[in-house]
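Mapped onto the working numbering, the consecutive letters of the sequence shown carry residue numbers 104 to 750. Built from N, CA and C at the ideal position, the CB exists for glycine as well. Bear in mind the structure is a predicted one, so any value in this text is a computation, not a measurement. A quick write-up on the structure given underneath.
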Amino acid sequence: MLTKISSFTYRNWLIAIHDAGVTAIAVVLSFFLRFDGENLLDRLPLLLQILPYFVVFSFFVCYAFQLTTTKWRFVSIPDLLNILRAASVLTVALLLLDYIFLAPNVYGTFFLGKTTIVIYWFLEVSFLSGSRLAYRYFRYTRTRNKALTMDAAPTLLIGRAADAEVFLRGIESGAVKRLWPVGILSPAKSDRGQTIRGIPVLGGIDDLTNVVEDFANRTRPIERAVMTPSAFEADAQPEAVLMRARKLGLVVSRLPSLEESRDTPRLAPVAVEDLLLRPSVKIDYRRLEGLLKGKSIVVTGGGGSIGLEMCDRVTTFGAARLLVIENSEPALHAAIETLSAKVTQTVVEGRIADIRDRERIFQLVTEFKPNLVFHAAALKHVPILERDWGEGVKTNIFGSVNVADAARAAGAEAMVMISTDKAIEPVSMLGLTKRFAEIYCQAMDRELASGSGDTPPMRLISVRFGNVLASNGSVVPKFKAQIEAGGPVTVTHPDMVRYFMTIREACDLVITAATHALNAQHSDASVFVLSMGQPVKIVDLAERMIRLSGLQPGYDIDIVFTGIRPGERLNEILFAKEEPFTEIGIPGIVAARPNELPLETLRTWLTGLQAAIAASRHADVVAILKDAVPEYHAGDSAPAARIEARK
104 MLTKISSFTY
114 RNWLIAIHDA
124 GVTAIAVVLS
134 FFLRFDGENL
144 LDRLPLLLQI
154 LPYFVVFSFF
164 VCYAFQLTTT
174 KWRFVSIPDL
184 LNILRAASVL
194 TVALLLLDYI
204 FLAPNVYGTF
214 FLGKTTIVIY
224 WFLEVSFLSG
234 SRLAYRYFRY
244 TRTRNKALTM
254 DAAPTLLIGR
264 AADAEVFLRG
274 IESGAVKRLW
284 PVGILSPAKS
294 DRGQTIRGIP
304 VLGGIDDLTN
314 VVEDFANRTR
324 PIERAVMTPS
334 AFEADAQPEA
344 VLMRARKLGL
354 VVSRLPSLEE
364 SRDTPRLAPV
374 AVEDLLLRPS
384 VKIDYRRLEG
394 LLKGKSIVVT
404 GGGGSIGLEM
414 CDRVTTFGAA
424 RLLVIENSEP
434 ALHAAIETLS
444 AKVTQTVVEG
454 RIADIRDRER
464 IFQLVTEFKP
474 NLVFHAAALK
484 HVPILERDWG
494 EGVKTNIFGS
504 VNVADAARAA
514 GAEAMVMIST
524 DKAIEPVSML
534 GLTKRFAEIY
544 CQAMDRELAS
554 GSGDTPPMRL
564 ISVRFGNVLA
574 SNGSVVPKFK
584 AQIEAGGPVT
594 VTHPDMVRYF
604 MTIREACDLV
614 ITAATHALNA
624 QHSDASVFVL
634 SMGQPVKIVD
644 LAERMIRLSG
654 LQPGYDIDIV
664 FTGIRPGERL
674 NEILFAKEEP
684 FTEIGIPGIV
694 AARPNELPLE
704 TLRTWLTGLQ
714 AAIAASRHAD
724 VVAILKDAVP
734 EYHAGDSAPA
744 ARIEARK
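Written out as C-alpha cells, the structure is:
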C-alpha cells in the first residue's frame, strides 16, 4: 500500500487532503451539534487531542475504498457505495474508540455517545458525496455550455433507453463532441414518456417524421440522427428508418455497442452491411479476451480486409505483441497507421514479406516466437485464379505450408488458417488450393496430436466461411461504386446465391473456434465451419442497396446480368456430401470432419506440384490436386446466363 501511495499524483493528494479535511469537519461539527451548551468547553481539549489520529486513520480508510484514486468527473453509484462503506468503517471506529478506550477512562461514561456518532455518519456521507456530485454537475454544465457555444448539432437518438444512456454518458464525459441530444425515439413502449439523463423520450420510431418536422419550426432544427444497436434489430425496421432519416435531410450515424468496440463509444457512418444481414451471433467476448490477452500474435495478410480486422480484434482484446506480415507495402503502411491510431497496450510491428518466401517467413516467425498465428494471406479472386492457376498454387498451398511449418518451428500454440466455403466440393482453383491447404494442416495436426510429450501439442485448424460484406473484391463495395456512378449495377446471374456475414462477426467467430480447438477436451476437430445464416440472392442484395441509396431499381438504376464467370457456381454449400459435422456447443460454429490423409503422402504431392509448377504443366497440377481432393469437379459451375437488363 505504501508503495502505491508513494506514486500518488498531485490530483490524488488534493483529493486525500479534501477527504481528510471534511472528515475532521464532520467530527467537530457533529460534536458541536450534540454538546452545544452541555460542557462543550470541558470536552473540547480531549476531542482535539484525538482528532489528528482519527484523521490519519481516515486517510487509509478512504484509500482502501478507492475514494482517493477515483476521478470525480466520473463519480457513479459504485463510488457512492464506496463512500457509504468508508463512512460506515469510520463510524464503527469511532464507536469502538468511544466504548472501549475512552468510556472506562473519561467521566466514567461515554465521551462521544451514540447520538454524536450517528450525526457524524450522516455528515461524513454528505460531505464526501456532496462535493463529488457538485463537481460532476459542474463538469456536466461546462460540457453542455461548451457544446452550445461550439454550435453542436441538435441530434435525435434512435433506440432503447439503455443504448441511448451509453451515448449520453459519452457526451457528458466529452468522448462525443459537437452533438447535443434533443430527444430519443425508442421502439420500447415502456420508454415512452420517460426522461433519460434529462433527455425526453419523444415517441416511437414511427414518430421520426413528426418529431423532425416539429423541431423544424423551432430555433434549431434537428440535423443529426444516431442509431443505437437496438435500432438495428429487425422489429425496429432499420432500413425504413435510414431511408426516412435521409429523406428528411438528417446525417445518420451509428453507435457501436460497448461489447463490440470495447472502449469509449465512437460514432461511425451507417454502412449498408449494418442493414443487410440477419442478427449476428452473440459472441462471448470474455472468451476471446481469455485467449488473446497478453499473448504474442502473428497475422499474415494483415493489410487485407479480413487480416486487418483480425489485427484490430487482437489489439482490442489485449494482445501484448502483434506482428503484421503483408506482401503489399501500401497495404502494410495503411494497416500500421490504422492500428497505431488505436489506444491500446499492444506493441505492433509490421514486416513486408511474401508467404511464398519460405526462408523469410521462417526468419520472421521464429524470431518473433508467437503464441498464435492467424493465417489470412491468400489469393481469393475466383476468375483470376482460374486464369493464373500457378500463382494460386504457390500462394494458397505452398504459402500456407510455409506458414504452418514456421509456426511449428517457432513453438506456437496454434495456427489458425482462414479458409473458404468454396473448399467444399470445389469447382474452382481457389476452392481446390484452399482444400489442399486444409488437408495439410489436418495431417500435421493429427501427427502432432499422436506424438508424445509433456506439453500440449500445437494445434493447426482451418475455419471456413463464405463471403464477407465490404471485404476487398466483394460485391458490396462494387455495387456502391456502380450506384454512385449512376449505374448500371452488374450481377452475374439472376439466381446467383451467396452466404454473407460481416467482417467483425467472421473474425470473432474465427477466434472463438480457436478457443474451442485449444481446449484439451476438443482436440479431435481441426476444421470448423461458421454458420452463415440464410443465403442471399445477389440480385436482391443489389436491389436493396439501390433502395437504401434513395433510388428505385429499374427506374433510376438498371441491373444488368453479365453471365457466370469461370470457376463460379450458383449456390455455395457449407458441407460436402461425404463430410459429417458435429455441433460443438458454441452458437455459430460447427466442426466438420473431412477425410484425412497421411502427411508423407501430402509431402510427396507437394514435391510433384513444385515440379509441375516450375514446368507450367497445368494438367499435372490438376491431376495431383484431384488425387488429394477427389470431390473436385472442374467446370461444374452453372452455364453462363445470357446478358440482359432488368428495367
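Give the secondary structure of residue i by DSSP, where H, G and I count as helix, E and B as strand, and everything else as coil.
i      : result
Glu90  : Here the chain covers residues 104 to 750 and nothing more, so residue 90 does not appear.
Tyr735 : coil
Asn57  : Given that the chain is displayed from residue 104 to residue 750, the structure contains no residue 57 and the question cannot be resolved.
Ser81  : No statement about residue 81 is possible, as the shown extent of the chain runs from 104 to 750 and does not include it.
Glu686 : strand
Asp332 : A small fix is needed here, since residue 332 is Pro in this sequence, not Asp. Pro332 falls in the helix class under three-state DSSP.
Ser634 : coil
Ile153 : helix
Val600 : strand
Pro656 : strand
Val751 : Residue 751 is absent from the model: the chain starts at 104 and stops at 750.
Ser289 : coil
Thr615 : helix
Leu391 : helix
Gly495 : helix
Thr593 : strand
Arg365 : Caution applies to Arg365, whose pLDDT of 49 falls short of 50 and renders its modelled position unreliable; the value that the coordinates give is listed next. Three-state result, Arg365: coil.
Thr126 : helix
Ile676 : coil
Arg720 : coil
Met561 : coil
Arg321 : coil
Ser356 : strand
Near residue i, what residues of its chain come up, given a Cβ to Cβ distance below 7 Å and the 5 sequence neighbours on each side ignored?
i      : result
Ala509 : Ile464, Phe465, Val468, Thr469
Glu686 : Val693
His721 : Trp492
Ile689 : Thr615, His619
Phe808 : Residue 808 lies beyond the residue range present for the chain, which begins at 104 and ends at 750; the question has no answer from this structure.
Leu435 : Gly406, Val427, Glu429, Gly453, Ile455
Leu339 : Note on identity: in this sequence residue 339 is Ala, with Leu being the wrong assignment. Excluding sequence neighbours, Ala339 sits near Pro290, Ile308, Ser333.
Using the beta-carbon count (16 or more within 10 Å), is residue i buried or exposed?
i      : result
Asp524 : buried
Gly589 : exposed
Trp116 : exposed
Leu199 : exposed
Glu462 : exposed
Asp611 : buried
Asn698 : exposed
Ser68  : For residue 68 there is no data in the structure shown, the boundaries of the chain being 104 and 750.
Glu336 : exposed
Asn622 : exposed
Ser241 : For the sequence presented, residue 241 should be read as Phe rather than Ser. That one is exposed.
Lys537 : buried
Tyr735 : buried
Quick one, are the C-beta atoms of residue i and residue j less than 8 Å apart?
i      : j      : result
Pro638 : Val600 : yes
Gly407 : Ala479 : yes
Leu654 : Ile660 : yes
Gly421 : Gly397 : yes
Ala123 : Val164 : no
Ser232 : Leu183 : yes
Ala456 : Ile439 : no
Leu282 : Ala319 : no
Val314 : Thr258 : no
Arg188 : Phe214 : no
Glu541 : Ala526 : yes
Val724 : Ala717 : no
Ser333 : Gly273 : no
Phe664 : Ile564 : no
Please tell me whether residue i has its Cβ less than 8 Å away from any Cβ of chain B.
i      : result
Phe420 : Chain labels in this structure do not include chain B; a single protein chain is all it has.
Sorted by chain position, which residues of the same chain lie with C-beta nearer than 8 Å to residue i's C-beta, five sequence neighbours on each side aside?
i      : result
Arg295 : Ser289, Val304, Gly306, Gly307
Gly514 : Lys472, Met561
Ser133 : Thr219, Ile220, Ile222, Tyr223, Leu226
Gly216 : Arg137, Asp201
Val125 : Glu227, Phe230, Leu231, Ser234
Arg459 : Lys497, Thr498, Phe501, Gly502, Asn505
Whose C-beta lies closer than 6 Å to the C-beta of residue i among residues of the same chain, with five residues either side of it excluded?
i      : result
Ile325 : Pro257, Leu259, Val315, Phe318
Val451 : Leu425, Leu442
Which ranges would you report for the beta strand (DSSP E) in the stretch 420-490 if only whole runs of at least 3 residues count? 424-429, 450-455, 475-478
In chain order, which continuous runs of the beta strand (DSSP E) of length 3 or greater are located wholly inside the stretch 254-287? 256-261
In chain order, each beta strand (DSSP E) run of at least 3 residues that lies wholly inside the stretch 526-558: none
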